[in-house]
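Read the structure below first, then the notes.
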């Protein structure tokens, strides 16, 4: 950490989100405006010099000497997260890591890596890992009239209600794996504002030519499926398990492979209607 | 085997476990191995009655009473096999006893396919780290060298971003 401390930090900011305090320091005060743009949803700036987590953002010099590359560096504590020449890559990583830290250490919320939509006053939760097709299914559900809640994290309280986390939808296009951000308005949908009880948990991933043939999981197996995608599972297992137990005790948990998202979305909404 | 069963009194592990009781199942999180287990009702009743005093026949009797169905010693052994496999039983240092292996098929043969109780099942997962639960794009690659499956580094060999 001492080595990182010596890099010459001149300015910074601190914020609080979900009970977690985070600091970001930098060697270039001009970037603070951009840092503020990538803070997690619901963040409040604070003055406290003491924080739970510290990020250090080193901006490479504008006019480097010959044969010297202006790399940007990002650290979380003493761990280097990225070394890059691209500004966008640097801030994308910072944004993502800030979100992840808040999700992992949140005090009164459990973050499950999942897509969430609202339908007739209840929520549908779609837990899954990256590349499982969560966002595609969420996009089809909101095109079919569901309310958008999240395509990254289901934010659950101790009563098992899910809260909105309406970041832009990150959709992979062109087959290169890179994600493009879309506002929910593009799909003609609205973002939900109120916490909702969860009626249905859909454990699924895309399989070419796959069929949606769901089977109902027991409450325990369903909880295990959600727990597998819970960011704070290792950090706060007791709180996470009791919260997921609340969810599972009120929701039906379905598991199946799926084919095209459109048909699956229609089948899911039919089921809830 | 009968004689040994009489004297063997399994003890459920209690330390470094987080236990969440559900309606018909029990969830157990192992803080050491970072594994989560889901015990169905039969496995849970057997596990909860492993107090280091009850031998296998006593556990079978108690389970029969609690589940209101006939639970044979073979069913208890099947449960103990799984509980031991997932390290949910204490290992007594002085004991040379090992739980005899019994397969699900053998138990099915003995108790019959149509049984009043569900056979004991312990489902288990390895709980991933927070980073593994992140979207691919959250994780830079190249510094550590690799990305969590199914993500790949956008620049082979890095540094870059997982996609």
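Chains as they are written, first to last, in this note's numbering: chain A, 897 to 1169; chain B, 22 to 184. Each residue gets a CB set at the ideal place from its N, CA and C atoms; glycine is no exception.
With a threshold of 9 Å between beta carbons, residue 952 of chain A makes no contact with chain B. Residue contact with chain B for residue 964 of chain A: absent (no Cβ-Cβ distance below 9 Å to any residue of chain B). Between residue 144 of chain B and chain A, the shortest Cβ-Cβ separation is below 9 Å. The continuous beta strand (DSSP E) containing residue 972 of chain A extends over residues 968-972. When Cβ pairs closer than 8 Å are counted between the two stretches, the region 1028-1042 of chain A is seen to touch the region 1146-1165 of chain A, the count reaching three or more.
Looking at the backbone, the Cα of residue 941 of chain A and that of residue 928 of chain A are separated by about 12 Å. Proximity of residue 1150 of chain A to chain B, defined by a Cβ-Cβ separation below 9 Å, is not satisfied. Secondary structure at residue 1093 of chain A: strand, using DSSP grouped into helix, strand and coil.
Short of 7 Å from the beta carbon of residue 1011 of chain A, and not among the five residues preceding or following it, lie these beta carbons of its own chain, in chain order: 1022, 1030, 1031, 1033, 1034, 1046, 1047.
Here the alpha carbon of residue 908 of chain A sits roughly 18 Å from the alpha carbon of residue 992 of chain A. Cβ contact annotation for residue 71 of chain B (same chain, cutoff 6 Å, sequence separation greater than five): 31, 32, 33, in chain order.
Note that the region 124-131 of chain B does not touch the region 60-76 of chain B; fewer than 3 beta-carbon pairs, one per stretch, sit closer than 8 Å. Taken through DSSP and simplified to helix, strand or coil, residue 925 of chain A comes out as helix. Look at residue 149 of chain B: its C-beta is under 9 Å from a C-beta on chain A. Of the other Cβ atoms in all chains shown, 16 or more fall within 10 Å of the Cβ of residue 921 of chain A; this residue is therefore buried. Every alpha helix (DSSP H) stretch that sits fully inside the region 1097-1127 of chain A and reaches 4 residues is listed by chain position as 1115-1123. For residue 979 of chain A, the closest alpha carbon among the candidates A:987, A:968, A:1025, A:1163 is that of A:968.
Your pair residue 65 of chain B and residue 46 of chain B checks out as a contact, with CB atoms roughly 6 Å apart and the cut at 8 Å.
In this structure the region 1077-1096 of chain A lies against the region 1049-1069 of chain A, because at least three pairs of beta carbons, one per stretch, are closer than 8 Å.
Under the three-state reduction of DSSP output, residue 905 of chain A falls in the coil class, being neither helix nor strand. For residue 947 of chain A against residue 910 of chain A, the beta-carbon gap comes to about 5 Å, under 8 Å, which counts as contact. Under the Cβ distance rule, residue 1116 of chain A counts among the residues neighbouring chain B, one pair being separated by less than 9 Å.
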